[in-house]
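Listed in order, the protein sequences are those of chains A and B.
All residue numbers for the first sequence refer to our numbering, where the first residue is 1 and numbers rise by one.
All residue numbers for the second sequence refer to our numbering, where the first residue is 1 and numbers rise by one.
The beta-carbon is built from N, C-alpha and C at its ideal position, and this holds for glycine as well.
Given the structure is predicted, the values throughout are model-derived calculations rather than measurements.
Report on one structure; see the data block that follows.
There are 2 protein chains.
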Amino acid sequence: MSNKIYFTPGPAQLFYTFEEHLKRALFEDIPSISHRSKQFNAVVQQTTEALIELLNLPAGYQPYYINSANEAWDRIIQNLVKDSSHHFVNGAFSKKFFDFALAHNRSSSQTLVQDGEVFENWQIPVDAELIGITKNETSVGFTITEKEISELRVANKEKLIALDIVSALPGIETDFKNVDTAYFSVQKAFGMPAGLGVWIANERCHEVALKLSQNQSLGSYRALPNLKKFGDKYQTPETPNMLYIYLLGKIAEDMVKVGQKKIKNDTIYKSTILNQAIEDHPNLTHFVKSKDHRSKTTLVATSDKAEEIIKQFAQKGLILGSGYGKHAKNHIRIANFPTHSKESIEMVCDLMEK
Amino acid sequence: MSNKIYFTPGPAQLFYTFEEHLKRALFEDIPSISHRSKQFNAVVQQTTEALIELLNLPAGYQPYYINSANEAWDRIIQNLVKDSSHHFVNGAFSKKFFDFALAHNRSSSQTLVQDGEVFENWQIPVDAELIGITKNETSVGFTITEKEISELRVANKEKLIALDIVSALPGIETDFKNVDTAYFSVQKAFGMPAGLGVWIANERCHEVALKLSQNQSLGSYRALPNLKKFGDKYQTPETPNMLYIYLLGKIAEDMVKVGQKKIKNDTIYKSTILNQAIEDHPNLTHFVKSKDHRSKTTLVATSDKAEEIIKQFAQKGLILGSGYGKHAKNHIRIANFPTHSKESIEMVCDLMEK
């Protein structure tokens with residue numbers, strides 16, 4: 001790796017043990033062994049068990065290996081929605097999930113508010129089968145609170161709830177019992193190269209998919225019943241991204257060793273000093289107005305000097321994220337992921353003071 | 001890497017320059033840079049240009065980056081088939097493409113012969129919109145000849161032809177003008193870890209997709225028009241497997257430097273001595289009876305001592321492939337890919353003599 005530190009919210013800084021595990025994986029011929037070998041089954045099992053422990057998944061919530069969060073949107077619509085889903089949209093990624101539903105010809109609906117604004121109205125259309133929410137809207141640094149998710153669950157017992165946990169976990173926690181399915185890509189908080197996604201589904205999802213399969217195509221190799229059939233044997237339907245599944249497992253194990261509590265506490269500490277640095281900076285303002293809804297893992301500030309500030313940091317080897325999409329020139333995004341040490345975040349804060 | 005040499009037909013032996021390029025990619029922070037940066041656009045452009053040169057793609061045939069050949073089957077059906085495709089099936093992989101079409105609720109048809117048998121009847125149902133053929137049926141070592149493909153083209157000018165080139169190219173050539181779309185995954189002949197696929201489509205495919213889009217969903221982020229929209233700018237719709245796209249480009253460039261002709265000639269030499277070794281072996285028989293249809297890149301022999309022979313080779317660090325699926329215990333499969341040196345194949349032949 002170069003001497004730069006990437007605070008970009010994905011693709012992001014690699015996890016600090018990444019290269020060590022990569023070397024080991026090559027030594028063990030992980031890219032060349034059969035994906036049907038006992039050796040690789042053991043890899044899938046180890047990664048799955050590490051994820052279940054790290055994310056504290058309840059019984060019956062199983063992770064499946066796909067290629068990205070984008071693919072998760074596809075698979076969720078194909079497998080869990082017959083006619084309509086409902087989406088809470090206040091940023092580019094929550095909007096994309098809604099767009100994917102429309103692209104699959106579902107008559108889905110959305111609760112749309114301005115980017116980074118709080119949702120006041122939590123009414124859901126009666127015919128919506130699944131509700132899409134985003135734990136961390138990476139594009140604008142908005143987080144949905146656990147209280148909001150929990151209330152949504154209570155008010156919508158009969159519907160499925162899908163939670164986007166990209167760039168959120170394991171820096172913060174969520175209670176998976178309040179949702180039925182969740183998904184993430186590994187190139188954000190897990191500090192890996194892009195090209196692997198994880199889709200978590202509970203028993204209710206399997207029941208719904210099975211029921212829908214009687215009247216619609218769920219897709220082919222990655223139809224949920226097929227993922228489950230192979231997943232139950234710690235296999236995948238196709239030759240998967242074996243190397244990344246191995247690396248994800250090793251990194252998840254490392255994170256378990258560090259401890260979920262310590263990762264969470266460090267995330268809070270680092271976000272607190274970053275928040276303070278943003279508040280103290282003459283040219284920066286928090287983009288998300290509601291304090292409770294500011295992301296701890298993706299801090300977003302507005303500034304008319306955003307590009308200039310990002311350039312100044314880059315000269316010191318500290319790569320901050322620019323704004324997403326239409327906010328490209330007016331936002332600074334700073335990732336606060338498990339791989340970012342307290343010291344590296346303190347460096348960012350120190351430079352902000354200057 | 002360990003001291004073993006993998007002659008398994010995918011996942012397979014890594015290309016001999018793989019680790020060198022991987023180190024460079026990490027040094028250049030390829031996994032951490034933005035997938036929308038100029039630096040990464042240049043990577044996509046370089047990989048695309050290297051592939052076009054290496055595979056000798058005609059003008060208008062553009063490669064797009066997906067995750068596997070499995071995904072290519074999905075995307076081809078979603079984007080290029082309204083009601084029905086027709087598939088030539090004589091092995092597990094050609095069968096899977098047919099199965100995928102059925103899974104997507106198409107009323108597709110097949111010309112089914114025994115595994116590894118020659119197709120005698122090339123009639124295609126009138127209503128088939130697309131014909132699926134397999135250049136190298138990796139499961140049984142059957143190759144379709146250029147003459148057969150060319151005649152199929154002449155007889156079916158109005159239909160699309162999709163060619164599976166997994167494990168075939170660049171060891172052997174094909175004339176892309178005879179087909180409209182083709183696809184491969186990188187973990188076979190390109191000597192890379194699994195997790196990246198390439199889908200090649202020509203102008204006719206884009207026309208068909210656009211027409212079909214008026215009445216059916218083509219999928220979402222990887223709908224062909226969307227791949228083209230981003231691909232034309234050397235971008236991808238989503239954050240792709242950036243590291244592997246970089247590595248594929250570097251390996252393709254290395255192969256261009258070696259020269260398509262030399263790779264092809266070496267493939268012929270190595271397959272010739274392997275064929276001879278199989279014929280001279282008291283316990284081995286070619287599985288594919290027709291000499292013209294025996295694969296040069298995946299040699300398959302039957303033997304009632306297959307497992308024993310594979311074990312003997314493994315003790316010397318030479319990992320041969322076992323049979324695929326129902327042939328698991330009675331076949332030996334030997335990959336002959338560009339990464340396999342003449343010397344390494346000679347070692348296999350020498351050991352066979354003993």
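Under 8 angstroms between C-beta atoms of residue i and residue j
i: Leu210 (chain A); j: Pro225 (chain A); result: yes
i: Thr298 (chain B); j: Pro9 (chain B); result: yes
i: Ser290 (chain A); j: Val118 (chain A); result: yes
i: Phe18 (chain A); j: Gly191 (chain A); result: yes
i: Lys296 (chain A); j: Gly171 (chain A); result: yes
i: Gly197 (chain A); j: Phe176 (chain A); result: no
i: Phe337 (chain B); j: Gln114 (chain B); result: no
i: Ile144 (chain B); j: Val179 (chain B); result: no
i: His206 (chain A); j: Lys228 (chain A); result: yes
i: Phe142 (chain B); j: Val288 (chain B); result: yes
Residue i: contacting residues in chain B (beta-carbon distance under 9 angstroms)
i: Ile33 (chain A); result: Tyr6, Thr8, Pro11 and Ile319
Amino acids of chain B, ordered along the chain, whose beta-carbon sits closer than 7 angstroms to that of residue i
i: Gln187 (chain A); result: Thr239
i: Ser68 (chain A); result: Glu238 and Thr239
Chain B contact residues for residue i, given Cβ-Cβ distances below 8 angstroms
i: Phe100 (chain A); result: Ser220 and Tyr221
Nearest candidate by alpha-carbon position, reference residue i, set the options
i: Asn275 (chain B); options: B:Asp254, B:Thr302 and B:His327; result: B:Thr302
i: Gly195 (chain B); options: B:Val118, B:Leu248, B:Asn121 and B:Ala168; result: B:Leu248
i: Ser37 (chain A); options: A:Gly60, A:Arg222, A:Met242 and A:Thr298; result: A:Met242
i: Leu351 (chain A); options: A:Phe337, A:Asn330, A:Gly325 and A:Gly317; result: A:Gly317
i: Asp254 (chain A); options: A:Tyr16, A:Phe7, A:Ser2 and A:Ile5; result: A:Tyr16
i: Tyr234 (chain A); options: A:Gly259, A:Ser34, A:Asn41 and A:Val89; result: A:Asn41
i: Leu84 (chain A); options: A:Asn90, A:Asp99 and A:Ala72; result: Correcting the residue identity first, residue 84 (chain A) is Ser in this sequence and not Leu. With distances taken between Cα atoms, Ser84 (chain A) lies closest to A:Asp99.
i: Glu307 (chain B); options: B:Gly323, B:Ile200 and B:His293; result: B:Gly323
i: Asn56 (chain B); options: B:Tyr183, B:Thr174 and B:Thr236; result: B:Thr174
i: Tyr65 (chain A); options: A:Asp232, A:Ser344, A:Lys264 and A:His281; result: A:Asp232
i: Lys23 (chain B); options: B:Tyr246, B:Arg106, B:Lys188 and B:Ser2; result: B:Tyr246
i: Ile310 (chain A); options: A:Ile30, A:Pro240 and A:Leu284; result: A:Leu284
i: Thr48 (chain A); options: A:Lys95, A:Trp199, A:Gln110 and A:Ser32; result: A:Trp199
i: Leu130 (chain B); options: B:Ala101, B:Ile165, B:Glu71 and B:Gly325; result: B:Ala101
i: Arg333 (chain B); options: B:Ala223, B:Met347 and B:Glu137; result: B:Glu137
i: Ser341 (chain B); options: B:His293, B:Ile268 and B:Ala328; result: B:Ile268
i: Trp122 (chain A); options: A:Asn156, A:His104 and A:Ser139; result: A:Asn156
i: Cys349 (chain A); options: A:Gln312, A:Ile273 and A:Gln46; result: A:Ile273
i: Arg153 (chain A); options: A:Ser167, A:Gln312, A:Ile124 and A:Pro282; result: A:Ile124
Simplified DSSP assignment, three categories, for residue i
i: Ala335 (chain B); result: strand
i: Tyr244 (chain A); result: helix
i: Leu299 (chain A); result: strand
i: Leu14 (chain B); result: coil
i: Glu49 (chain B); result: helix
i: Glu117 (chain B); result: coil
i: Trp122 (chain A); result: coil
i: Gln62 (chain A); result: strand
i: His281 (chain A); result: coil
i: Gly219 (chain B); result: coil
i: His21 (chain A); result: helix
i: His86 (chain B); result: strand
i: Thr272 (chain A); result: helix
i: Asp74 (chain B); result: helix
i: Asp304 (chain B); result: coil
i: Ala92 (chain A); result: helix
i: Ile33 (chain B); result: coil
i: Val288 (chain A); result: coil
i: Ala194 (chain B); result: coil
i: Ser344 (chain B); result: helix
i: Ser185 (chain A); result: strand
i: Thr138 (chain A); result: coil
i: Ile263 (chain A); result: helix
Closer than 7 angstroms at the beta carbon, the chain A residues around residue i
i: Tyr244 (chain B); result: Gly195
Cross-chain neighbours of residue i in chain A, by beta carbon under 8 angstroms
i: His104 (chain B); result: Ser217, Gly219 and Ser220
Partners in chain A for residue i, counting only beta-carbon separations shorter than 9 angstroms
i: Leu14 (chain B); result: Leu26, Asp29, Pro31 and Ser32
i: Glu19 (chain B); result: Leu26
Margin query: What are the residues in the segment 189-208 of chain B lying within 8 angstroms of chain A by C-beta distance?
Written below: So the close ones are Met192, Pro193, Ala194, Gly195 and Leu196.
Notebook entry, point to check: Listed from N- to C-terminal order along the chain, which residues in the segment 74-92 of chain A have their beta-carbon within a distance smaller than 7 angstroms of any beta-carbon of chain B?
Noted result: Listed in sequence order: Asp74.
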